[in-house]
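**Q**
Numbering (this note's numbering), first residue to last: 1377 to 1575.
1) Evaluate residue 1557 with the Cβ neighbour count: other Cβ atoms within 10 Å of its Cβ, from every protein chain shown; 16 or more gives buried, anything less gives exposed.
2) Any idea which residues DSSP pairs residue 1515 with across the strands?
3) On the DSSP bridge assignment, give the partners of residue 1482 in chain order.
4) Residue 1567 and residue 1447 - do their beta-carbons sit closer together than 8 Å?
5) For the candidate residues 1533, 1453, 1569 and 1501, whose alpha-carbon lies nearest to that of residue 1388?
6) Would you kindly report the start and end of the unbroken beta strand (DSSP E) that includes residue 1388?
7) Between the Cα of residue 1426 and those of 1406, 1451 and 1444, spot the shortest distance and give me the residue it belongs to.
8) Residue 1366 and residue 1513 look like a contact to me (Cβ under 8 Å); what is the Cβ gap, rounded to whole Å?
9) Ordered along the chain, which non-local residues of its own chain (more than five positions away) have a Cβ less than 7 Å from that of residue 1479?
10) Quick one: give me the first and last residue of the alpha helix (DSSP H) that residue 1409 is part of.
11) Taking 8 Å as the threshold, find out whether the stretch 1467-1479 comes into contact with the stretch 1524-1532 through three or more Cβ pairs.
12) Which residues in the same chain have their Cβ closer than 8 Å to the Cβ of residue 1523, if we skip the five residues on either side of it in sequence?
13) Quick check on the burial criterion: 16 or more other C-beta atoms within 10 angstroms. Buried or exposed for residue 1498?
14) Could you give the distance in angstroms between the alpha-carbon of residue 1484 and the alpha-carbon of residue 1511?
15) Thinking C-alpha only, which one of 1382, 1396, 1439 and 1406 is nearest residue 1418?
16) Going straight from the alpha carbon of residue 1380 to that of residue 1404, what length do you get?
17) Which first and last residues belong to the alpha helix (DSSP H) in which residue 1567 is found?
18) What are the boundary residues of the beta strand (DSSP E) that residue 1449 is part of?
19) Based on the DSSP secondary-structure assignment, which residues constitute the bridge partners of residue 1442?
20) From 1455, 1421, 1420 and 1445, pick the residue whose C-alpha is nearest to that of residue 1358; which is it?
21) Looking only at its own chain, which residues have a Cβ that is under 7 Å from the Cβ of residue 1477, when we skip the five neighbours before and after it?
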């Protein structure tokens, strides 16, 4: 897929304020500091489409970006950021779950996972919830450039084994590096395939 146009559309605090059209939506979510903004900017060939920050947890709204006037990339708030009040965490949780469960245009959730870490409980619980809620999702490992190729491969295999303890089959899995632009074609080709299947 060739991305010719990527534009910010709206930041919505609730699902009812999201764009009122039927174009397919692909949501990106992960733990705070997983490299979500960097990945989105890499995928869209746009240095500052999603705001990157040294401070985790900057995304606090449901951010819609229209891509090639054909589909939406949706940047969701990260989860698991401890330096928030209980009230704020609950509000973000409700917003994220409300969007994922209620948004009919949502066709896939890309769950971002830092490939350097062993399987984290919070990620596994979120993935489990998506499965129980019958939400189509994919796993995107980020920061693949930060480890050796063999270590990356070993970590991905460990993750797959962990998932297969509870899953009969694995979701689509992508390996990416925003720095090296790794995985860009694979993720975009997948989105293109899904879009074609919806027509």
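Every residue gets a Cβ at the ideal spot worked out from N, C-alpha and C, and that includes glycine. As the structure is a computational prediction, the values presented were derived from the model and not from experiment.
**A** So, to answer that:
1) As a working mapping, residue 1557 is identified with position 181 in the chain shown. Counting Cβ neighbours within 10 Å, residue 1557 comes out exposed, since fewer than 16 surround it.
2) As a first step, residue 1515 is located in the chain shown; it is residue number 139 there, counting from the start. According to DSSP, residue 1515 bridges with 1487 and 1549.
3) What you label residue 1482 is simply residue 106 of the chain shown in a count that begins at 1. 1401, per the DSSP bridge assignment.
4) Stepping through the chain shown from its first residue, residue 1447 is reached at position 71. Stepping through the chain shown from its first residue, residue 1567 is reached at position 191. Cβ distance < 8 Å, so residue 1447 and residue 1567 count as in contact.
5) By one-based count along the chain shown, residue 1388 stands at place 12. The shortest Cα separation from residue 1388 among 1533, 1453, 1569 and 1501 belongs to 1453.
6) Locating residue 1388 in the chain shown gives position 12, where the first residue counts as 1. Per DSSP, residue 1388 belongs to the beta strand (DSSP E) from 1382-1388.
7) Counting from one through the chain shown, the residue named residue 1426 turns up at place 50. Nearest of 1406, 1451 and 1444 to residue 1426, Cα basis: 1451.
8) Residue 1366 lies beyond the residue range present for the chain, which begins at 1377 and ends at 1575; the question has no answer from this structure.
9) Locating residue 1479 in the chain shown gives position 103, where the first residue counts as 1. Same-chain partners within the cutoff: 1391, 1394 and 1401.
10) Numbered from its first residue, the chain shown carries residue 1409 at position 33. No alpha helix (DSSP H) holds residue 1409; DSSP gives it neither H nor E.
11) no
12) To locate residue 1523, count along the chain shown from 1; it is residue 147. The answer, listed in chain order, is 1491, 1492 and 1531.
13) The residue labelled residue 1498 in the question sits at position 122 within the chain shown. Looking at its Cβ environment, which holds fewer than 16 other Cβ atoms inside 10 Å, residue 1498 is exposed.
14) For the purposes of this step, residue 1484 is identified with residue 108 of the chain shown, where counting begins at 1. For the purposes of this step, residue 1511 is identified with residue 135 of the chain shown, where counting begins at 1. When rounded, the distance between both Cα atoms is 7 Å.
15) Position 42 of the chain shown, counted from the start, is the residue given in the question as residue 1418. Here the closest residue by C-alpha is 1382.
16) Within the chain shown, the letter at position 4 stands for residue 1380. Within the chain shown, the letter at position 28 stands for residue 1404. Distance between the alpha carbons of residue 1380 and residue 1404: 20 Å.
17) One-based indexing of the chain shown puts residue 1567 at position 191. Here the alpha helix (DSSP H) through residue 1567 covers 1560-1574.
18) Counting from 1 along the chain shown, the entry for residue 1449 is found at position 73. Where residue 1449 is concerned, the enclosing beta strand (DSSP E) stretches over 1447-1451.
19) Looking up residue 1442 in the chain shown gives position 66. Beta-bridge pairing links residue 1442 to 1383 and 1448.
20) Here the chain has residues from 1377 to 1575 only, and residue 1358 is not among them.
21) Counting from one through the chain shown, the residue named residue 1477 turns up at place 101. Cβ within range, chain order: 1509.
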